[in-house]
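Notes for the one structure printed next.
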Amino acid sequence: MEEIFGPNGLIAQHHPDYEYRPGQLAMAEGVATALESRRHLLVEAGTGTGKTLAYLVPAVATGKRVIISTGTKNLQEQLFFKDIPFLQSILPRKFKATYLKGRSNYVCLHRLRRAESAPVLEGLEEVDHFTRVSRWAYDTETGDRAELKELPESLPFWRHIDARSDICIGSKCPSFDACFITRARQNALESEIVIVNHHLFFADLALRDKEWGQVLPDYNAVIFDEAHQLEDVAMQYFGAGVSSFQVDDMLGDISRLMINDVTASMEITKAVARTAKMAENFWINFSGIDPRSSIINLDRDNRSVLKRQMFIRASSNGEEAPTVAGERYVNFRQSLKRLHSSMQVVKDAPAEMEAVLRRAEQIIFDLDFIINYQDDTFVRWCERRGRGIYLQANPIDTSGILADRLFSQVDSVVMTSATLTSAGSFDFIKARLGVAGADELVAESNYDYPTQTLLYLPPKMPDPREAGYSQAASDEIVGLLNASRGRAFVLCTSKAQMEALRRLVESRVDFPILMQGEGQAGGILERFRNTSNAVLFATAGFWQGVDVRGEALSCVIIDKLPFAVPSDPVVAARQNYIESQGGDSFNNYSVPSAIISLKQGLGRLIRSATDRGVLSILDPRIVTKRYGQGFLRSLPPFRITRKIEDVVHFFGEQQ
């Protein structure tokens with residue numbers, strides 16, 4: 004790797020701005036060794052390491068197919084449109100790369116043709132958008148909706164024409180040869196490097212033992228960038244889930260089936276109407292509309308745990324009997340079973356019938372698993388997203404699943420991120436992912452943190468649980484913003500705290516104030532970049548995957564240590580599971596998880612060797628509590644001050 008990454012190596016010869024980085028070379032050598040020796044590897048590579056090239060070059064050198072999985076769209080696009088073409092232009096080994104997205108990103112030509120003659124549009128604007136999509140679909144090479152840059156991100160009719168696996172009829176489809184999924188998979192089969200995101204990877208991994216839905220070709224190794232996200236993403240694909248949107252979509256697709264058997268068609272129409280009514284009654288359980296019988300009010304509590312006793316109770320004689328919510332579930336389930344039965348007997352059924360039957364079976368199974376199946380290794384919960392209600396059952400601990408389905412099946416898995424260690428140890432991430440035997444490497448950043456960064460810890464902040472905390476925090480924020488002349492992120496641990504701090508600060512400073520939620524995330528970030536001296540108040544979505552280089556972002560303020568909300572069903576289940584195994588959930592889970600989140604948030608500031616700025620953690624527990632030392636030991640070697648005068652002086656040096 005020295006001849007490629009060294010001071011006079013291949014990259015230096017072809018890249019005028021290349022700077023030799025020992026951490027990048029060390030990482031490239033570590034990744035190469037892991038791939039060659041078929042071992043798993045964890046690499047913490049801080050911002051400025053140059054980690055993408057450090058894993059791409061060894062991946063190409065294997066000559067075998069390697070999956071590169073990332074957590075964000077921005078990183079996928081950097082890899083495919085910037086890093087890959089650069090390496091293809093300089094490396095002696097020629098290779099092909101493909102960029103794959105989730106199936107719902109691609110248009111389905113068969114469904115598009117069906118939609119052209121079906122009533123799926125509302126309003127003249129939708130008709131215009133559909134006409135433009137239809138025209139594009141017959142000209143595009145990829146079928147990727149990202150090409151439709153002039154159309155809104157949210158197209159209501161897209162779900163009627165996308166290529167999701169649960170509606171795919173495979174080789175029976177009349178558009179199979181022209182199918183964009185088929186083309187994309189063929190390109191992947193011909194490529195050594197296949198770039199995906201974590202959601203696509205784990206969706207595919209969960210389906211690899213089924214005959215349908217699989218997208219990725221076989222592979223020899225996987226490299227996960229932004230690997231700190233793996234547990235939370237993987238959890239979503241090894242459980243069960245049913246949503247109100249999913250049921251509505253299935254019923255709509257059944258209604259649009261072309262069934263020649265008139266008697267069967269009438270029976271199915273009646274069964275669809277009955278199921279729609281029973282579904283509506285079932286979702287009332289979670290709406291709070293009827294306080295006497297709603298088990299959860301998701302208009303008030305956005306996310307809540309589900310318990311079997313909400314649906315089933317023990318009667319006086321010891322036998323089980325359904326509650327009101329349970330009766331609604333039984334009626335809904337019976338209507339789904341009758342609908343399924345009525346579709347099974349259709350003569351000369353259309354090709355889409357098989358996929359629809361499969362969807363109905365999956366919904367019935369998932370509902371049973373979520374509501375009626377007793378398994379203490381799963382957490383069951385529900386949440387509202389927009390107008391939809393989602394029911395989930397997810398494994399509390401994914402380590403065993405990942406050990407069996409991933410780490411024991413793939414020759415080499417490389418996991419890298421700027422934030423994998425807590426208090427200098429990989430033990431937490433290893434335990435959470437089930438990869439105890441993996442090799443470890445910390446690739447040092449090339450940034451001069453003591454010179455580039457000042458960490459300010461206010462000297463007299465109250466405990467975050469005290470009533471006066473928000474006011475004291477706003478006082479500190481105002482002082483910091485005046486010193487930095489705006490140009491800041493204020494990262495909050497809750498939406499309520501974000502809104503409260505914005506109200507308390509806005510009237511006391513003269514800088515433009517932006518807040519997450521006031522438009523699309525990408526749009527608000529672009530406004531921040533293009534607005535002089537702007538201040539952005541934000542929550543979880545801006546703690547990671549956001550890149551603002553230069554003086555536009557010169558200060559990052561964090562309101563509280565980012566401990567996960569203990570009332571969240573998934574967090575509570577993980578903590579209870581650790582305690583039941585004899586562990587200490589606070590020190591073994593809550594603290595290391597918060598350390599990784601804090602490192603992500605602080606990492607928004609220094610994005611290049613020329614960036615300078617101030618970080619501030621307002622939460623006094625980082626100093627006053629014993630566990631706070633673990634947070635401080637986990638951070639890069641920042642200069643630390645408790646004097647606001649030092650902050651003023653630091654920014655004065657920039658002027």
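If you read the sequence shown in my numbering, its first letter stands for residue 4, the second for the next number, and so on.
Note that the Cβ used here is the ideal one computed from N, Cα and C, for glycine as well.
When we look at the beta-carbon of residue i and count the other beta-carbons within 10 Å, is it buried (16 or more) or exposed?
i, result
"PHE634", "buried"
"ILE93", "exposed"
"THR50", "buried"
"GLN16", "exposed"
"ALA55", "Inspection of the sequence shows that residue 55 is occupied by Thr rather than by Ala. It counts as buried."
"ASN77", "exposed"
"ALA612", "exposed"
"HIS652", "exposed"
"GLN337", "exposed"
"PHE84", "exposed"
"THR52", "buried"
"ALA499", "exposed"
"ARG86", "A small fix is needed here, since residue 86 is Asp in this sequence, not Arg. Buried is the call here."
"GLY526", "exposed"
"ARG387", "buried"
"HIS231", "buried"
Are the beta-carbon atoms belonging to residue i and residue j less than 8 angstroms from one another?
i, j, result
"PHE204", "MET281", "no"
"GLU129", "PHE160", "yes"
"ILE170", "ALA358", "yes"
"VAL417", "PHE227", "yes"
"ARG106", "ALA166", "yes"
"ILE374", "SER247", "no"
"LEU254", "PRO353", "no"
"ALA64", "ILE71", "no"
"LEU115", "ALA140", "yes"
"PHE540", "ARG505", "yes"
"LEU460", "ILE625", "yes"
"GLU5", "LEU28", "yes"
"GLN547", "GLN632", "no"
"ILE609", "LEU483", "no"
"ALA224", "SER415", "yes"
"GLU270", "SER345", "yes"
"GLN79", "ASN200", "yes"
"LEU423", "ILE432", "yes"
"LEU370", "LEU309", "no"
"VAL136", "LEU112", "no"
Throw me the rounded Cβ distance for the residue i and residue j pair, which I believe falls under 8 angstroms.
i, j, result
"LEU564", "ASP513", "Between ASP513 and LEU564 the Cβ distance is about 30 angstroms, and since that is not below 8 angstroms, they are no contact."
"GLY553", "ASP649", "Contact doesn't hold; Cβ gap of about 23 angstroms is too wide."
"LEU219", "VAL197", "7 angstroms"
"GLN421", "GLY544", "Just to set this straight, residue 421 is Ala in the shown sequence, not Gln. Contact doesn't hold; Cβ gap of about 18 angstroms is too wide."
"ALA31", "PHE8", "5 angstroms"
"THR73", "LEU59", "That belief does not hold up - the Cβ atoms of THR73 and LEU59 are roughly 12 angstroms apart, past 8 angstroms."
"GLY26", "ALA441", "Actually they do not touch by this definition, with Cβ atoms about 19 angstroms apart."
"PRO426", "SER637", "The question names Pro, but residue 426 is Ala in the sequence shown. That pair is a contact at about 5 angstroms."
"TYR592", "ILE599", "Between ILE599 and TYR592 the Cβ distance is about 11 angstroms, and since that is not below 8 angstroms, they are no contact."
"ILE315", "ALA576", "Contact flag wrong, Cβ pair sits at about 20 angstroms."
"VAL617", "LEU409", "No, VAL617 and LEU409 are not in contact; Cβ-Cβ is about 41 angstroms, not under 8 angstroms."
Starting from residue i, follow its DSSP beta bridges and name the residues at the other end.
i, result
"ASP550", "BP columns for ASP550 are empty, so no partner."
"VAL512", "The partner list for VAL512 (beta bridge, DSSP) is empty, contrary to what the question assumes."
"GLY391", "ARG388"
"GLU47", "SER420, VAL445"
"PRO10", "For PRO10, which the question treats as bridged, DSSP gives no partner whatsoever."
"ALA324", "ARG316"
"GLY90", "For the sequence presented, residue 90 should be read as Leu rather than Gly. Answer is none; LEU90 lacks a bridge partner."
"ILE70", "VAL197, VAL225"
"THR36", "Note: THR36 sits in no beta bridge, so no partner."
"ASP147", "TYR109"
"ASN397", "VAL382"
Who are the near neighbours of residue i in its chain, counting only those whose CB is closer than 8 angstroms to its CB and skipping five residues on each side?
i, result
"LYS340", "ILE367"
"ALA555", "ARG490, PHE531, ARG532, ALA537"
"SER258", "THR272, VAL275"
"GLY403", "GLY437"
Spatial neighbours of residue i within its chain, please: C-beta separation below 6 angstroms, excluding the five flanking residues on both sides.
i, result
"SER583", "none"
"ILE516", "GLU509, VAL538"
"PHE183", "TYR109, GLY146"
"VAL573", "VAL382"
"LEU38", "PRO61, THR65, ALA224, SER415"
Within the same chain, show all residues whose beta-carbon is closer than 7 angstroms to that of residue i, passing over the 5 residues directly before and after it, in chain order.
i, result
"PRO462", "ARG645"
"HIS202", "GLY105, VAL236"
"SER596", "ALA567"
"SER477", "LEU504, LEU507, VAL508"
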